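**Student:**
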Amino acid sequence: MDAESQDRFREFVESRSSALLRTAVLLCGGDRHAAEDQLQTALVKVAGRWSRVEDPEAYVRQVLYRQQVSWWRLKWPRREVAVAEPPERADDGGESAAELRVVMRGALARLTPRQRSVLVLRYYEDLPEADVARILGCSVGTVRSTAHRSLARLRSLAPELAALGPAAAEASPPRDISPVEVRP
Amino acid sequence: MNVDQLVREALQEQAAEQGGPRGDLAGRVLATRRRRRARTITGAALGTAAAVVVGVSALDSGREDAGPASASRTGDVIAHSGQSVPRDFVAAGKTGLAGYSVTRDVPQRNGDELLARSYFLLNPKTMKYEKADTEWAWVAVAPGMRTAAVLEGELPTRRVGMLDLRTGKVTRWITLRHGVAAVEWSPDGKRLVATAYRKNPDLMVSVPGNGSVNWPRHHGSRTGYVLIEAASGKVGPFRDVPQPDPDEDGMFPGVSRQDLHFNHDGTRLYVQQYARQGKKDYRDWYTLSGRPTSAPPAEKHAGRAQAGLSPDGRLLAADGDAKGSPVLDPMTGRRVAWVPSQEQLAWADSKRIIALACADPARCTGKNNDPKRLVLVTVDSKKAVPLTGARTAPQGYKRVWTPMLTAR
Numbered sequence: 001m002d003a004e005s006q007d008r009f010r011e012f013v014e015s016r017s018s019a020l021l022r023t024a025v026l027l028c029g030g031d032r033h034a035a036e037d038q039l040q041t042a043l044v045k046v047a048g049r050w051s052r053v054e055d056p057e058a059y060v061r062q063v064l065y066r067q068q069v070s071w072w073r074l075k076w077p078r079r080e081v082a083v084a085e086p087p088e089r090a091d092d093g094g095e096s097a098a099e100l101r102v103v104m105r106g107a108l109a110r111l112t113p114r115q116r117s118v119l120v121l122r123y124y125e126d127l128p129e130a131d132v133a134r135i136l137g138c139s140v141g142t143v144r145s146t147a148h149r150s151l152a153r154l155r156s157l158a159p160e161l162a163a164l165g166p167a168a169a170e171a172s173p174p175r176d177i178s179p180v181e182v183r184p
Numbered sequence: 185m186n187v188d189q190l191v192r193e194a195l196q197e198q199a200a201e202q203g204g205p206r207g208d209l210a211g212r213v214l215a216t217r218r219r220r221r222a223r224t225i226t227g228a229a230l231g232t233a234a235a236v237v238v239g240v241s242a243l244d245s246g247r248e249d250a251g252p253a254s255a256s257r258t259g260d261v262i263a264h265s266g267q268s269v270p271r272d273f274v275a276a277g278k279t280g281l282a283g284y285s286v287t288r289d290v291p292q293r294n295g296d297e298l299l300a301r302s303y304f305l306l307n308p309k310t311m312k313y314e315k316a317d318t319e320w321a322w323v324a325v326a327p328g329m330r331t332a333a334v335l336e337g338e339l340p341t342r343r344v345g346m347l348d349l350r351t352g353k354v355t356r357w358i359t360l361r362h363g364v365a366a367v368e369w370s371p372d373g374k375r376l377v378a379t380a381y382r383k384n385p386d387l388m389v390s391v392p393g394n395g396s397v398n399w400p401r402h403h404g405s406r407t408g409y410v411l412i413e414a415a416s417g418k419v420g421p422f423r424d425v426p427q428p429d430p431d432e433d434g435m436f437p438g439v440s441r442q443d444l445h446f447n448h449d450g451t452r453l454y455v456q457q458y459a460r461q462g463k464k465d466y467r468d469w470y471t472l473s474g475r476p477t478s479a480p481p482a483e484k485h486a487g488r489a490q491a492g493l494s495p496d497g498r499l500l501a502a503d504g505d506a507k508g509s510p511v512l513d514p515m516t517g518r519r520v521a522w523v524p525s526q527e528q529l530a531w532a533d534s535k536r537i538i539a540l541a542c543a544d545p546a547r548c549t550g551k552n553n554d555p556k557r558l559v560l561v562t563v564d565s566k567k568a569v570p571l572t573g574a575r576t577a578p579q580g581y582k583r584v585w586t587p588m589l590t591a592r
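One line per chain: the protein sequences are V and D, in this order.
The first sequence finishes on residue 184 if you use this note's numbering, and the numbering steps up by one all the way, no holes.
The second sequence finishes on residue 592 if you use this note's numbering, and the numbering steps up by one all the way, no holes.
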């Protein structure tokens, strides 16, 4: 990387690292230290391909998500994820929206990285299933079924969420096998 | 509220709480990348050096590397284009940056001015440049970058040290009968030419007098030279090659430091003379035994460009200006090619030259204080590959560094 490329890389990191770190923190279930590690690893990869990568942010995001999936594949059964609050709380029947978000955050931290990646892509990045499939390198059916199971697991992890209405992803039964709709 | 809405809100809330990454993330990333590359580079350097130089096998291929981030290795080119002061080994082809020097003016009590040098030399163990012992007033790194010849203390001095660059220790002192102020290695690394002076040629002497002539100026005290066999330390006979006397006004015509240099194949010696009084740059030629002689046919058009004749003898480097420089046919002196660099320092192979080139075209005027960087240029190519960043002064110095290139 020459000096000019290095300057461009620094500009990119300076302007986009906060946004990328936010995504990384969500993918790591709130583990900030792990997120910084993941982001740094992804940035090292994009730095190595800097002259060939047209859209560095998209590249870094893809690396972040795929690192999660790879990590999940390699480390299964997954290691514990440190969370600030216990995921389950006593059901006093009167949770506010803020309390529910805290409960949800704890439950999200206990999902597998793969489940969490699908939810982050679907609900934080607001990507359609086909794009999620492309980024994760799987089929749309897998995305759909993973989202369905992830939401179900959230309910099981946190009884406080039982009263919530079903999500659209929960409306249809999961389909593990579906036509591959991954775009090139 | 649906569960997916709560998921969305929880994620957005958690994301919103995050600040930016700690510290210099880009710097950490680039440093990590550079460390990985450095391992590769150092390993490759080991392979190259082992074939050429005995002793460089002590390199530590796994050592952590703390230099700047823009390290790159493409083929036989090791560049650090982000280092405005070299910290990590730079090389291209058969030639490497053995070190660099920085000069500073040291006013003397009597009104004289001394140009003193500080040296930064490659440590073959770490493949980094380190500040050399301040005792060394002159350093010449031998081909292979394992040994350097050093002169210590005040110049001229009557002994030459053989410095082991791996240990930083002088392994042998060679005593001379005459005080010398420069040593230079022959191209094959077997001999040294040591130029003798009566007075330090880096000293500008204050001349008592009136008016405009009363400023420190060149003196011209060269007396001759000796050749030294590096392996045995045997010193050859002293050869008289004095500088001309001062003119009728008491002014020395030229510069005090006019060292003897080996030519392309080490069979003759020359003194570089710079353009003055209507004459172009030229060289005074001597046989190894000190008799004035003519230029070798292939070097009769050689000027001040340090690179000189290409390894295959087919091209002659010349210095140009900020826009570029001609490459000459050595036999005719005619321009046969062009390179986009200003000062040609050393050939990397028979087609590529390590040179100094303008680092910022908007600021280059062709003058000495132009911002320049070390580059690799290829004959008849417009591309200059940066090997270092634009030169700046090392910390604690006012002047930019001067590269010392030698065969690796």
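Yeah, the Cβ is synthetic: ideal placement off N, Cα and C, and Gly gets one too.
Nothing here was measured: the structure is a model prediction, and the numbers come from that model.
Does the Cβ-Cβ distance between Gln528 of chain D and Ala574 of chain D come in under 8 Å?
**Tutor:** In the second sequence, the residue the question calls residue 528 of chain D occupies position 344. In the second sequence, the residue the question calls residue 574 of chain D occupies position 390. Against a cut-off of 8 Å, the Cβ pair of Ala574 of chain D and Gln528 of chain D comes out as no contact.
**Student:** Taking only three categories from DSSP, how would you classify Lys45 of chain V?
**Tutor:** Taking the first residue of the first sequence as 1, we reach residue 45 of chain V at position 45. If DSSP states are grouped into helix, strand and coil, Lys45 of chain V belongs with the helices.
**Student:** Check whether the stretch 11-20 of chain V and the stretch 38-57 of chain V are in contact - that is, three or more C-beta pairs closer than 8 Å.
**Tutor:** Touching, per the Cβ criterion.
**Student:** Compare the beta carbon distance of Thr359 of chain D and Ala380 of chain D with 8 Å and say whether it is the shorter of the two.
**Tutor:** Start at 1 with the first residue of the second sequence, and residue 359 of chain D comes out as number 175. Start at 1 with the first residue of the second sequence, and residue 380 of chain D comes out as number 196. Result no, Cβ atoms of Thr359 of chain D and Ala380 of chain D do not sit closer than 8 Å.
**Student:** Since I believe Met104 of chain V is in contact with Leu154 of chain V (beta carbons under 8 Å), could you give me their beta-carbon distance rounded to a whole number of angstroms?
**Tutor:** The residue labelled residue 154 of chain V in the question sits at position 154 within the first sequence. The residue labelled residue 104 of chain V in the question sits at position 104 within the first sequence. Right, the Cβ-Cβ distance comes to about 7 Å (below 8 Å), so this counts as a contact.
**Student:** Quick one: is Pro587 of chain D buried, meaning 16 or more other Cβ sit within 10 Å of its Cβ, or exposed?
**Tutor:** Taking the second sequence and counting its residues from 1, one reaches residue 587 of chain D at position 403. With 16 or more other Cβ atoms within 10 Å, it is buried.
**Student:** I want to verify the contact list: residues of chain D whose CB lies under 7 Å from the CB of Arg153 of chain V, in sequence order.
**Tutor:** The sequence position of residue 153 of chain V within the first sequence is 153, counting from 1. Within chain D, no residue comes near Arg153 of chain V; the closest Cβ sits about 11 Å away, beyond 7 Å.
**Student:** So, does the CB of Leu205 of chain D fall closer than 8 Å to a CB anywhere in chain V?
**Tutor:** One-based indexing of the second sequence puts residue 205 of chain D at position 21. Per the sequence shown, residue 205 of chain D should be read as Pro rather than Leu. True, the Cβ-Cβ gap to chain V drops below 8 Å.
**Student:** Mark Arg475 of chain D as exposed unless 16 or more other C-beta atoms lie within 10 angstroms of its C-beta, in which case mark it buried.
**Tutor:** Here residue 475 of chain D refers to the residue found at position 291 of the second sequence. Counting Cβ neighbours within 10 Å, Arg475 of chain D comes out exposed, since fewer than 16 surround it.
**Student:** Taking the CB atoms as reference points, tell me whether Pro446 of chain D and Ser370 of chain D lie closer together than 8 Å.
**Tutor:** As a first step, residue 446 of chain D must be located in the second sequence, where it is residue number 262. As a first step, residue 370 of chain D must be located in the second sequence, where it is residue number 186. One detail in the question is off: residue 446 of chain D reads as Phe in this sequence, not Pro. Yes.
**Student:** Helix, strand or coil for Met588 of chain D per DSSP?
**Tutor:** Stepping through the second sequence from its first residue, residue 588 of chain D is reached at position 404. Residue state, collapsed to three classes: strand.
**Student:** For the stretch 28-38 of chain V against the stretch 108-118 of chain V, are there 3 or more C-beta pairs whose distance is under 8 Å?
**Tutor:** Yes, the stretch 28-38 of chain V is in contact with the stretch 108-118 of chain V.
**Student:** Show which residues of chain D have a CB atom less than 8 Å away from the CB atom of Val120 of chain V.
**Tutor:** Translated into positions along the first sequence, residue 120 of chain V becomes position 120. By Cβ distance, chain D contributes Leu195.
**Student:** Taking Ser17 of chain V as the query, report the chain D residues whose CB atoms sit under 9 Å from its CB, ordered along the chain.
**Tutor:** Reading the first sequence from its first residue, position 17 is the one you call residue 17 of chain V. Near Ser17 of chain V (Cβ distances below 9 Å), the residues of chain D are Gly204, Pro205, Leu209 and Ala210.
**Student:** Any Cβ of chain V within less than 8 Å of the Cβ of Val261 of chain D?
**Tutor:** Here residue 261 of chain D corresponds to residue number 77 of the second sequence, with the count starting at 1. With 8 Å as the cut-off, Val261 of chain D does not count as an interface residue toward chain V.
**Student:** If we define contact as Cβ-Cβ less than 8 Å, is Pro166 of chain V a contact residue for chain D?
**Tutor:** If you number the first sequence from 1, residue 166 of chain V lands on position 166. Yes, contact with chain D.
**Student:** Given a threshold of 16 other Cβ atoms within 10 Å of its Cβ, counted over all protein chains shown, does Thr341 of chain D qualify as buried or as exposed?
**Tutor:** Against the second sequence, residue 341 of chain D aligns to sequence position 157. Buried is the call here.
**Student:** Would you mind stating whether Gly508 of chain D and Val523 of chain D have Cβ atoms separated by less than 8 Å?
**Tutor:** Translated into positions along the second sequence, residue 508 of chain D becomes position 324. Translated into positions along the second sequence, residue 523 of chain D becomes position 339. Yes, these two residues count as a Cβ contact at 8 Å.
**Student:** When you compare the CB of Pro426 of chain D with every CB in chain V, is at least one pair closer than 8 Å?
**Tutor:** In the second sequence, counting from the first residue as 1, residue 426 of chain D sits at position 242. No, Pro426 of chain D lies away from the interface with chain V (no Cβ there is under 8 Å from its Cβ).
**Student:** Checking contacts by CB at 8 Å: is Arg217 of chain D closer than that to chain V?
**Tutor:** Translated into the one-based positions of the second sequence, residue 217 of chain D becomes position 33. It does: the Cβ of Arg217 of chain D has a partner Cβ on chain V nearer than 8 Å.
**Student:** Could you please give the first and the last residue of the uninterrupted beta strand (DSSP E) stretch that includes Gly345 of chain D?
**Tutor:** Translated into positions along the second sequence, residue 345 of chain D becomes position 161. From DSSP, the beta strand (DSSP E) with Gly345 of chain D extends over Thr341 to Asp348.
**Student:** Quick one: which chain V residues come within Cβ less than 7 Å of Ser265 of chain D?
**Tutor:** Along the second sequence, read from residue 1 onward, the residue named residue 265 of chain D stands at position 81. Chain V residues near Ser265 of chain D: Asp2 and Ala3.
**Student:** Going by DSSP in three states, Glu36 of chain V sits in which element: helix, strand or coil?
**Tutor:** Here residue 36 of chain V is taken as the residue at index 36 of the first sequence, counted from 1. Of the three classes helix, strand and coil, the one that applies to Glu36 of chain V here is helix, per DSSP.
**Student:** Give the residues from the stretch 560-584 of chain D that approach chain V closer than 8 Å (Cβ to any Cβ), ordered along the chain.
**Tutor:** From the stretch 560-584 of chain D, only Pro570 and Gly573 have a Cβ closer than 8 Å to chain V.
**Student:** Assuming Gly328 of chain D and Leu306 of chain D make a contact with CB atoms under 8 Å, what is their CB distance in whole Å?
**Tutor:** Counting from 1 along the second sequence, the entry for residue 328 of chain D is found at position 144. Counting from 1 along the second sequence, the entry for residue 306 of chain D is found at position 122. Gly328 of chain D to Leu306 of chain D, Cβ: 11 Å. No contact.
**Student:** For Gly550 of chain D, count the other beta carbons within 10 Å of its own beta carbon; 16 or more makes it buried, fewer makes it exposed. Which is it?
**Tutor:** Counting from one through the second sequence, the residue named residue 550 of chain D turns up at place 366. Exposed: under 16 other Cβ atoms inside 10 Å.
**Student:** To the nearest angstrom, how far is it from the Cα of Ala539 of chain D to the Cα of Val561 of chain D?
**Tutor:** Working through the second sequence from its first residue, we reach residue 539 of chain D at position 355. Working through the second sequence from its first residue, we reach residue 561 of chain D at position 377. If I take the Cα positions, the gap works out to 7 Å.
**Student:** Against chain D, which members of the stretch 100-126 of chain V pass a CB distance test of less than 7 Å?
**Tutor:** Result list: Leu100, Arg101, Met104, Arg105, Leu108, Leu119, Val120, Tyr123 and Tyr124.
**Student:** Using the beta-carbon count (16 or more within 10 Å), is Gln115 of chain V buried or exposed?
**Tutor:** On the first sequence, position 115 is the one that residue 115 of chain V refers to. Classification for Gln115 of chain V: buried.
**Student:** Let's see if you can read the secondary structure: which residues bound the alpha helix (DSSP H) around Gly280 of chain D?
**Tutor:** As a position in the second sequence, residue 280 of chain D is number 96, starting the count at 1. That residue, Gly280 of chain D, is in no alpha helix (DSSP H); its beta strand (DSSP E) goes Thr279 to Pro291.
**Student:** Would you say Gly30 of chain V faces chain D, with C-beta separation under 8 Å as the test?
**Tutor:** By one-based count along the first sequence, residue 30 of chain V stands at place 30. Yes, Gly30 of chain V lies at the interface with chain D (some Cβ there is under 8 Å from its Cβ).
**Student:** Taking only beta-carbon atoms, is Ala207 of chain V less than 8 Å away from chain D?
**Tutor:** Any question about residue 207 of chain V goes unanswered here, given that chain V covers just 1 to 184.
**Student:** If you follow the alpha helix (DSSP H) that Phe304 of chain D is part of, which residue opens it and which one closes it?
**Tutor:** For the purposes of this step, residue 304 of chain D is taken as the residue at position 120 of the second sequence. From DSSP, Phe304 of chain D is part of no alpha helix (DSSP H) but of the beta strand (DSSP E) over Glu297 to Asn307.
**Student:** Please confirm if Leu161 of chain V has its CB atom under 8 Å from at least one CB of chain D.
**Tutor:** Reading the first sequence from its first residue, position 161 is the one you call residue 161 of chain V. For Leu161 of chain V, the answer is yes, since a Cβ of chain D falls inside 8 Å of its Cβ.
**Student:** Can you confirm whether Ala546 of chain D, when its beta carbon is compared against all beta carbons of chain V, has any partner nearer than 8 Å?
**Tutor:** The count along the second sequence starts at 1 and reaches residue 546 of chain D at position 362. Output row for Ala546 of chain D: interface = no.
**Student:** Per DSSP, which one or two residues make a beta bridge with Ser509 of chain D?
**Tutor:** Position 325 of the second sequence, counting from 1, holds the residue named residue 509 of chain D. Answer by DSSP bridge pairing, in chain order: D:Val523.
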